[in-house]
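Note that the sequence shown covers residues 456 to 969 in our numbering.
For every residue, glycine included, the Cβ atom is placed at its ideal position computed from N, Cα and C.
Below is one structure, written out as C-alpha cells; comments come after it.
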Amino acid sequence: MKKLPIGIQSFEKIRSEDYYYVDKTFFIEKLVKEGSYYFLSRPRRFGKSLFLDTLKQAFLGRKELFKGLYLEDHWDWSKSYPVVHIDFAGGVVKDAPDLENWIIHQLKRNEEELHIKCEDYKDYRACFEELIIRASKEHNQRVVVLIDEYDKPILDRIEEEDEARRIREVLKNFYSVLKPLDRYLKFVFLTGVSKFSKVAIFSGLNQLKDITLSPDYSTICGYTQKEFETTFKDLLEGEDLKEIKLWYNGYSFLGEPLYNPFDILLYLSERIFHPYWFETGTPTFLINLLMKKQYFLPKMEGLKATDRLLSSFDVGHIEPTALLFQTGYLTIKNYEKSPMGVIYHLTYPNKEVKIALHDHLLVYYIGGESEVDFAKIEVREVLKKGDVKEIERILKGLFSSIPYEWYRKNNLSEYEGYYASVVYSFLRGAGLELVAEDYTSKGRIDLTILYDDKAYVMEFKVVESEGQEPKAINQLKEKGYHEKYKDRVKEIYLIGIDFSETLRNIQHFEFEKV
456 MKKLPIGIQS
466 FEKIRSEDYY
476 YVDKTFFIEK
486 LVKEGSYYFL
496 SRPRRFGKSL
506 FLDTLKQAFL
516 GRKELFKGLY
526 LEDHWDWSKS
536 YPVVHIDFAG
546 GVVKDAPDLE
556 NWIIHQLKRN
566 EEELHIKCED
576 YKDYRACFEE
586 LIIRASKEHN
596 QRVVVLIDEY
606 DKPILDRIEE
616 EDEARRIREV
626 LKNFYSVLKP
636 LDRYLKFVFL
646 TGVSKFSKVA
656 IFSGLNQLKD
666 ITLSPDYSTI
676 CGYTQKEFET
686 TFKDLLEGED
696 LKEIKLWYNG
706 YSFLGEPLYN
716 PFDILLYLSE
726 RIFHPYWFET
736 GTPTFLINLL
746 MKKQYFLPKM
756 EGLKATDRLL
766 SSFDVGHIEP
776 TALLFQTGYL
786 TIKNYEKSPM
796 GVIYHLTYPN
806 KEVKIALHDH
816 LLVYYIGGES
826 EVDFAKIEVR
836 EVLKKGDVKE
846 IERILKGLFS
856 SIPYEWYRKN
866 NLSEYEGYYA
876 SVVYSFLRGA
886 GLELVAEDYT
896 SKGRIDLTIL
906 YDDKAYVMEF
916 KVVESEGQEP
926 KAINQLKEKG
936 YHEKYKDRVK
946 EIYLIGIDFS
956 ETLRNIQHFE
966 FEKV
C-alpha cells in the first residue's frame with residue numbers, strides 16, 4: 456500500500472518511495488509556456504514547497520521522477536537547466552544581519568550543488584548576481600531561480616516594526632538583483648504566505664506576474680474534490696465524504712474549492728475530525744492585531760473586500776481583513792464586478808477554521824480558558840431543548856470567569872462590540888450555525904442561532920447605568936426581526952441582552968417566544 460506524504464516536501468522522495476501524489480505537473484508546462492516570472496501566495500501547509508521542488512526536478516531534467524505523470528510527455532527532456540533554490544522556511548530570523556548571513560549560507564549551498572565557486576561573500580547582492588551569471592556561463596544555459604517563503608523573514612519580526620523594516624530592505628535589495636539579469640534567467644518563481652505591496656518589496660522586480668488570484672492557476676496547490684476522491688480512492692471506503700468536505704474543503708482562489716493537503720493527509724492517517732492545519736500554529740500577531748484594532752468578530756460572517764484591500768499588506772500597515780484572507784482564515788465565497796473594480800465576498804473556508812479560530816480567539820478575549828469547553832457542551836444541550844433561561848446562566852458564567860487582572864491589562868472591554876464578539880466566538884466555537892449581522896427590510900439582526908427547527912434571534916446593547924430599562928428586547932419587538940424566519944423554523948425566540956459597562960456582565964436578559 457502507498458504511504459501518505461505527511462510533511463514531505465521532496466518530490467524525489469515522494470516519487471521514489473511510493474507515496475501518494477496528486478499530479479500538478481500540468482501547471483509546470485502551462486507556466487513555462489505563458490511566461491517567465493511568477494509570484495504565488497497561499498496559506499501555510501498548502502503544498503507550495505512541494506510544487507516548487509517539483510519545478511526544480513523538472514528543470515533539472517529528471518525524467519525518471521515524472522513517469523506516468525502529465526509532464527512525462529509534455530516536456531523537453533533533452534535540456535536541463537541550472538537551478539538556484541532559496542528557501543526561507545527554515546529557522547527564525549533574528550534581525551537584518553542574521554538574515555544577510557542566512558542568505559550567504561544558502562548561496563554557498565547553491566554553489567556546491569552547481570559546482571561553482573564565487574569570489575564575493577561580503578555582499579549578499581554581489582554574491583547572488585555572481586552565482587547566477589557564473590551558473591549560466593558554466594552550464595551554457597539560462598538559470599532558474601526558485602524562492603520559497605519569500606516573506607517569512609519579515610513575518611518572523613512583523614510586530615517589531617523597526618526591525619521588520621530593516622529586514623524588508625535586505626530582501627528588497629536581494630530580489631532587486633534579478634531584474635537586470637533577465638538575459639541570464641530562464642524562469643523565476645517566488646512563493647509566500649502574504650502578499651506585500653510591490654512598492655514595499657518588489658519595486659525592483661516589477662515584471663513578476665501574480666497568479667495568486669488567477670482562475671487559470673487557482674488549483675495549482677491544494678486538492679480538488681475530484682483529485683481527493685481519485686487519488687485516495689482505496690482509502691475512502693466507508694468514509695463520510697460529505698462530512699470530510701464540510702470539515703476540510705472550501706478554500707477558493709477564484710476557482711474550484713480546495714482541500715488543504717495537510718488536513719486531508721492527517722485525517723486519512725488518524726480517521727478523526729480534528730483541526731490539524733489550525734493547530735500547526737496560529738500567528739500571534741494576527742490575534743494581537745485583531746485585539747489592537749478592536750475588531751468586531753461577527754463581521755467575519757459577511758466581509759467584502761477589493762483587490763486593494765486584499766493586497767494592502769506592509770510593515771506597520773496591515774488590514775485585519777487582508778491578514779485573515781492571506782493567512783487562510785477567510786477565503787473567497789464569490790465575487791462581483793463593480794465601477795470600482797472587483798468586489799470579493801469573503802467567508803470561512805470550512806468547519807475546521809470556523810470552530811478552531813473562534814475557540815482560539817475566545818481564550819484571548821476572555822483572558823483564559825476557564826470552563827469554556829464544558830460551557831460549549833452545555834449551550835448546545837439547552838438550545839436543543841429550547842431552555843432559553845439556561846442560556847443566561849451560561850453566558851453570565853462565561854463573563855464572570857474573566858479575571859479582573861485581564862481588564863487591567865487592556866481596554867478591549869471598553870468598546871461596545873467586545874461583548875457581542877465574546878458571545879459570537881463562544882457560540883462559533885461550540886460549532887453552532889449562526890447568522891451574524893443579518894439584514895432585513897427593517898434593520899439588521901445582531902445574531903441569530905439556528906438549531907434544528909428553532910431560531911434564536913438576538914440583540915445586544917450596552918447600558919451605562921444599572922438602573923436603565925432593558926433596551927435590546929424592545930428593539931427586537933419594535934423591528935419585528937423574527938418575521939424573516941417564520942417560514943423557515945417551527946419555533947422562534949427573541950433574546951435581548953443588555954450588558955453593563957460597570958458590571959462587565961449581563962444586566963438584563965429578556966426573552967420571548969413568538
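Would a C-beta distance cut-off of 8 Å place L505 and V538 closer than the cut-off?
-> In the sequence shown, counting from the first residue as 1, residue 505 sits at position 50. In the sequence shown, counting from the first residue as 1, residue 538 sits at position 83. No, the pair does not count as a contact, with Cβ atoms beyond the cut-off.
Alpha carbon of G872 to alpha carbon of Q962, nearest angstrom | Position 417 of the sequence shown, counting from 1, holds the residue named residue 872. Position 507 of the sequence shown, counting from 1, holds the residue named residue 962. Cα to Cα, the separation comes out at about 16 Å.
Can you tell me which of L752, I602, Y476 puts its alpha carbon nearest to the alpha carbon of K522?
-> Along the sequence shown, one-based indexing puts residue 522 at 67. Here the closest residue by C-alpha is Y476.
Give the DSSP bridge partners of G796, in chain order.
-> Position 341 of the sequence shown holds residue 796. In the DSSP secondary-structure assignment, G796 is bridged to S793.
Which listed residue (E956, G771, S631, K754) has its alpha carbon closest to that of H800 | Indexing the sequence shown from 1 puts residue 800 at position 345. The shortest C-alpha separation from H800 is found at K754.
Where does the unbroken alpha helix (DSSP H) through T509 begin, and where does it stop?
-> Residue 509 sits at position 54 when you count from the first residue of the sequence shown. Its alpha helix (DSSP H) spans residues 503-514.
Hey, L995 and M913 are a contact pair by Cβ (cut 8 Å); roughly how many whole angstroms apart?
-> The shown model of the chain, from 456 to 969, leaves out residue 995, and the question about it has no answer.
F708 - DSSP class collapsed to helix/strand/coil = In the sequence shown, counting from the first residue as 1, residue 708 sits at position 253. Annotated three-state conformation of F708 is coil, per DSSP.
On the DSSP bridge assignment, give the partners of T903 in chain order.
-> On the sequence shown, residue 903 is found 448 positions in, with the first residue counted as 1. T903 is bridged by DSSP to V890, V912.
Going by alpha carbons, who is nearest to K748 out of T761, E734, H729, G771?
-> On the sequence shown, position 293 is the one that residue 748 refers to. Considering only alpha carbons, the answer is G771.
On a CA-only basis, which of F728, G935, Q561, D953 is nearest E698? Give me that one, please.
-> Here residue 698 refers to the residue found at position 243 when the sequence shown is read from its first residue. Relative to E698, the option among F728, G935, Q561, D953 whose CA is nearest is F728.
Could you tell me which of L663, Y722, K664, N715 sits nearest to L691, measuring between CA atoms?
-> Against the sequence shown, residue 691 aligns to sequence position 236. Selection L663, Y722, K664, N715 evaluated against L691 yields Y722 as nearest (Cα-Cα).
For S880, which three-state DSSP category applies?
-> The count along the sequence shown starts at 1 and reaches residue 880 at position 425. S880: helix per DSSP, three-state reduction.
In whole angstroms, what is the alpha-carbon distance linking V547 and E614?
-> Sequence index remark: in the sequence shown, residue 547 carries index 92 (1-based). Sequence index remark: in the sequence shown, residue 614 carries index 159 (1-based). V547 and E614 have their C-alpha atoms some 14 Å from each other.
Please name the residue in Q781, E467, K844, D478 whose C-alpha comes closest to that of P738.
-> Translated into the one-based positions of the sequence shown, residue 738 becomes position 283. Looking at Q781, E467, K844, D478, the one whose alpha-carbon comes closest to that of P738 is Q781.
Using the C-alpha atoms, what's the distance from L663 back to V598?
-> Working through the sequence shown from its first residue, we reach residue 598 at position 143. Working through the sequence shown from its first residue, we reach residue 663 at position 208. Approximately 16 Å between the Cα atoms of the pair.
Rounded to a whole number of angstroms, what is the C-alpha to C-alpha distance between L701 and S855?
-> Here residue 701 corresponds to residue number 246 of the sequence shown, with the count starting at 1. Here residue 855 corresponds to residue number 400 of the sequence shown, with the count starting at 1. About 34 Å.
Ends of the alpha helix (DSSP H) at Y819?
-> As a first step, residue 819 is located in the sequence shown; it is residue number 364 there, counting from the start. Here the alpha helix (DSSP H) through Y819 covers 806-821.
Give the straight-line distance between the Cα atoms of A412 and V918, rounded to the nearest whole angstrom.
-> This structure gives no information on residue 412, because the portion of the chain shown stretches from 456 to 969.
Going by CA-CA distance only, name the one from I675, S649, G935, I947 that's closest to K479.
-> Indexing the sequence shown from 1 puts residue 479 at position 24. Nearest of I675, S649, G935, I947 to K479, Cα basis: I675.
Starting from L640, follow its DSSP beta bridges and name the residues at the other end.
-> In the sequence shown, the residue the question calls residue 640 occupies position 185. Paired residue(s): V598.
Would you list the one or two residues that DSSP bridges to H963?
-> For this step, residue 963 is matched to residue 508 along the sequence shown. Answer by DSSP bridge pairing, in chain order: D953.
Looking at C-alpha atoms only, which residue of A777, D578, R623 is the closest neighbour of S649?
-> Your numbering for residue 649 matches position 194 in the sequence shown. The residue with the shortest Cα to Cα distance from S649 is A777.
In whole angstroms, what is the alpha-carbon distance linking Q680 and Y820?
-> Taking the sequence shown and counting its residues from 1, one reaches residue 680 at position 225. Taking the sequence shown and counting its residues from 1, one reaches residue 820 at position 365. Answer to the nearest angstrom: the Cα atoms are 36 Å apart.
Under three-state DSSP, which class holds K681?
-> By one-based count along the sequence shown, residue 681 stands at place 226. Looking at K681 - three-state DSSP - the assignment turns out to be helix.
Is L1025 helix, strand or coil when you go by DSSP?
-> In the structure as shown, the chain begins at 456 and stops at 969. Residue 1025 is therefore absent and cannot be evaluated.
Beta strand (DSSP E) containing L495: first to last residue?
-> Position 40 of the sequence shown holds residue 495. Here the beta strand (DSSP E) through L495 covers 492-496.
If you draw a straight line from the alpha carbon of E965 to that of E604, how long is it in whole angstroms?
-> The residue labelled residue 965 in the question sits at position 510 within the sequence shown. The residue labelled residue 604 in the question sits at position 149 within the sequence shown. Those two C-alpha atoms are separated by around 52 Å.
Run through DSSP, which three-state label would E566 get?
-> If you number the sequence shown from 1, residue 566 lands on position 111. Helix.
How about D508 and F466: are their beta carbons less than 8 Å apart?
-> Position 53 of the sequence shown holds residue 508. Position 11 of the sequence shown holds residue 466. Going by C-beta atoms, D508 is nearer than 8 Å to F466.
Exposed or buried, which one is H570 when buried takes at least 16 other CB atoms within 10 Å?
-> Stepping through the sequence shown from its first residue, residue 570 is reached at position 115. Answer is exposed; the Cβ neighbour count stays below 16.
How long is the line joining the alpha carbons of S707 and P498, rounded to whole angstroms?
-> Locating residue 707 in the sequence shown gives position 252, counting from the first residue. Locating residue 498 in the sequence shown gives position 43, counting from the first residue. Taking the Cα positions, S707 is about 11 Å away from P498.
Is F773 helix, strand or coil by DSSP?
-> Reading the sequence shown from its first residue, position 318 is the one you call residue 773. Here residue 773 turns out to be Ile, not Phe, going by the sequence shown. DSSP places I773 in strand when its eight states are reduced to three.
At which residues does the alpha helix (DSSP H) containing T739 begin and terminate?
-> Indexing the sequence shown from 1 puts residue 739 at position 284. Counting along the chain, the alpha helix (DSSP H) containing T739 begins and ends at 739-747.
Among G647, D671, L696, which has the Cα closest to the Cα of F683?
-> Here residue 683 corresponds to residue number 228 of the sequence shown, with the count starting at 1. Across the set G647, D671, L696, the C-alpha of L696 shows the shortest separation from the C-alpha of F683.
D968 - partner residues in DSSP beta bridges | Locating residue 968 in the sequence shown gives position 513, counting from the first residue. Asp is not the amino acid found at residue 968; the sequence shown has Lys there. According to DSSP, K968 bridges with Y948.
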